[in-house]
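Below is one structure, written out as structure tokens, with a few remarks after it.
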Amino acid sequence: MEVFFDFGLFEIMAALGISLVARTVYSRRLARVLFPVVSVALPCLLVFLADTEPLRWLAAACLVTVLINLSVVLGALQQGRVPTLSFSRSANDGDRG
Numbered sequence: 010m011e012v013f014f015d016f017g018l019f020e021i022m023a024a025l026g027i028s029l030v031a032r033t034v035y036s037r038r039l040a041r042v043l044f045p046v047v048s049v050a051l052p053c054l055l056v057f058l059a060d061t062e063p064l065r066w067l068a069a070a071c072l073v074t075v076l077i078n079l080s081v082v083l084g085a086l087q088q089g090r091v092p093t094l095s096f097s098r099s100a101n102d103g104d105r106g
């Protein structure tokens with residue numbers, strides 16, 4: 010196994026990419042309604058379609074996490090703007106201590 014020392018570069022790039030996609034998607038009115046509805050409807054459907062108890066609990070856990078994430082997204086959309094991921098320019102900007 011080869012170890013790559015990227016110091017989180019790929020993770021930061023992925024987070025920025027997801028942030029860009031989310032900003033683009035949620036800037037359209039239809040997507041603001043469609044994505045939250047689908048993201049809640051599918052786990053609800055899985056709760057009822059699961060044939061075994063462990064799958065039902067897994068679907069219920071997915072539903073709970075979707076509802077928590079949805080509350081954050083809808084709160085951001087209610088403010089009128091989708092927040093972006095930004096990094097401070099100075100190393101001391103993030104210190105609160």
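Residue numbers (the numbering used here): 10 to 106.
Just so you know, even glycine gets a beta-carbon here, dropped at the ideal spot from N, CA and C.
The structure presented is a predicted model; accordingly, all values stated were derived computationally and were not measured.
> Are three or more beta carbon pairs between the segment 39 to 52 and the segment 69 to 89 nearer than 8 Å?
Replying inline: yes
>> Arg41 and Leu79 - do their beta-carbons sit closer together than 8 Å?
In response: no
> Cβ atoms of Val56 and Phe44: under 8 Å apart, would you say?
Replying inline: no
>> Quick check on DSSP: helix, strand or coil for Phe16?
In response: coil
> What's the C-alpha gap between Asp60 and Val46?
Replying inline: 24 Å
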